[in-house]
Amino acid sequence: MRTKPGLLQTQAFRIVLVYVVLFAVSVTALLFFTYWNTRRTLDGQADRIIEAEITGLSEEYQHFALPGLVETVRARTPHAGQALYLLVDNLHHYVAGNLDSWPQITAVPGEMIEFDYERPINGRQEARRARGRVILVPGNYYLLVAQDVHDRYLTERMFTTTLPWTVLLILVLGAAGGGLMSRNMLRRLDTINRTSGEIIAGDLTRRVPLTGSGDEFDALAENLNRMLDRIERLMKGMREVTDSVAHDLRTPLNRLRNRLEEAAARLNASGAQKSEMLAGEIERAIAETDQLIATFNALLLIAETDAGTTRAAMSPLDLGELAADVAELYEPLAEEKQISLAVLPGPAAGVEGNRSLIAQALANLVDNAIKYTPAGGQVRIRTAVTEAGVDLSVADTGPGIPESDRPRVTERFVRLEASRNSPGTGLGLSLVAAVAHYHNAALVLEDNVSSGVPAGLKAVLHFPKTAMRAVPGAPLKSAAE
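The numbers in the sequence shown follow our numbering, run straight up by one, and end at 668.
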């Protein structure tokens, strides 16, 4: 039986997780685009202010040369606000401006740059962020014109710090929500799977319960229930038709056989040679009728076993005792064909089962083994207790069954003419397989590789450990003991 998958292995959780990941990627992309567009806008605004300041200072320099530029910078410094000015010589010595020293920058004149600087705020020095451009002034002087963009810098740092945590929070909350949604889905699916398992086990009256929510699961449950109703009606009708046909045919066949027996008795009483010939024909007709009756009986038993409707009760039984009874029954047939039939000694093997059904299955296996084993061959019946349960096997030294044909020999009316030349209905192994299924056992066909015997067939009925029961008068032992 397939094990129940964990929450992380369910398709519902995977779908929700993929959705959460796509949602997180989409949110991240949207936030990043918003950040990039906002920063570009603010940088463009600061750049335009800086360009306007540079244009005004350039005009002052053109009219009044370097002294006029120095006076203009000094005049603007007290009312600069967010504007920053610094005029230095080629050795970066201070000339004019509201910056005390040349910042740590390496930039080509004319390019926009960002740098850190310090300025006094509320009586103490504070590190801040600025954006500006360096202008080369004739006479080996440098003019730095900039804007304080510290507020934008703080917003950027806050954004870059909180974005990973935001994405992580989305993934965690999404995974948690996906887990809750998956558990709800799994609960509904488990109900459907549990009901399906009970139906597979043979209870066709089971139906998938509805929650009344009217969702897709309820629609699926309604369709499954309608399908099950239809299947149950068809199965019931087919079973009734099969039973009716089998019973209707079995009665006239029995009547025919009785009449043939009466006719044969009368002809034998006449003593005439012609009557003896007719009696022989009638005897053969009786044999054919017996074969038909046996076929219908086997079909009925297989149908009842498959459907789990056999009326006999289950009870503890000793497989070794059962094997001895079947071997005693078939001993005359084995002696007639000069075949050695024996039950090998083994431990006490008890199971919970239907004695008549298991006896019929074992009888079919022994009958097949005797039928297809040549004179001088061997047929061995054996019981064994293993860690997996109890085995009841019948091994012969006949032609065996090719491995490629073993899966289909348990089907009804299948006969392998290449190796099965004796007459029969082709229902023997079908009945054995049906009895095994009824007892939750398994029929395994394998090569007879016992030491000292030629190749043959070994048919094993594997009863599960759950079917083991104590044999009256003997304690139940496992293989480990």
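Even glycine gets a Cβ: it sits at the ideal position worked out from N, Cα and C.
Going by DSSP, residue 575 is part of no beta strand (DSSP E) at all; its letter is neither H nor E.
Taking a C-beta distance under 8 Å as the contact criterion, residue 580 and residue 622 do not qualify as a contact pair. If you look at residue 307, you'll find it in the beta strand (DSSP E) that goes 299–308. The Cβ neighbour count for residue 584, taken over all protein chains shown within 10 Å, is at least 16; the residue is labelled buried.
Counting other Cβ atoms within 10 Å of its Cβ, residue 240 reaches 16 or more and is therefore classed as buried.
CA-to-CA, the gap between residue 291 and residue 301 works out to about 10 Å. In its chain, beyond the 5 residues on either side, 253, 274, 275, 276, 277 and 282 have a beta carbon closer than 8 Å to the beta carbon of residue 328.
By the criterion of a C-beta distance shorter than 7 Å, residue 233 is surrounded in its chain by 318, 334 and 336, once the five residues flanking it on both sides are discounted.
Taking each of 320, 287 and 350 in turn and checking the Cα distance to residue 211, the smallest one comes out for 350. The alpha-carbon of residue 280 is positioned some 8 Å away from that of residue 288. 360 is the residue among 632, 360, 377 and 381 whose C-alpha sits nearest the C-alpha of residue 207.
Bridge partners of residue 323 according to DSSP: 329. Counting along the chain, the unbroken alpha helix (DSSP H) around residue 615 starts and ends at 615–625.
Taking a contact as a CB-CB distance under 8 Å, the pair residue 615 and residue 555 counts as one, their CB atoms being some 5 Å apart.
By a beta-carbon distance limit of 8 Å, residue 587 contacts residue 634. Their separation comes to about 6 Å.
By the C-beta density criterion, residue 620 is buried, having at least 16 other C-beta atoms within 10 angstroms.
In this structure, residue 476 lies near residue 443, with their beta-carbon atoms less than 8 Å apart. Secondary structure of residue 334 (DSSP, three-state): strand.
In this structure, the beta-carbon distance from residue 566 to residue 534 does not fall below 8 Å. Looking at the backbone, the Cα of residue 399 and that of residue 405 are separated by about 7 Å.
Note: residue 251 is not bridge-paired with any residue in the DSSP secondary-structure output. Ranking 224, 293, 325 and 331 by CA distance to the CA of residue 264 puts 331 first.
Each residue's CA atom was taken as its position, placing residue 401 and residue 376 some 15 Å apart.
Taking residue 236 as the centre and dropping the five residues before and after it, the same chain places the C-beta of 334 closer than 6 Å to its C-beta, in chain order. Comparing alpha carbon positions, the residue from 389, 545 and 569 closest to residue 529 is 569. Going by C-alpha positions, residue 378 is about 10 Å away from residue 384.
According to the DSSP assignment, residue 503 belongs to the beta strand (DSSP E) that extends over 502–505. Collapsing the DSSP output to three states places residue 243 in a helix.
Under the three-state reduction of DSSP, residue 205 is assigned to helix.
In its chain, beyond the 5 residues on either side, 651 and 654 have a beta carbon closer than 7 Å to the beta carbon of residue 627.
The residue from 403, 388 and 411 with its alpha-carbon nearest to that of residue 394 is 411. Around the beta carbon of residue 390, a 10 Å sphere encloses fewer than 16 other beta carbons of the protein chains shown; the residue is thus reported as exposed.
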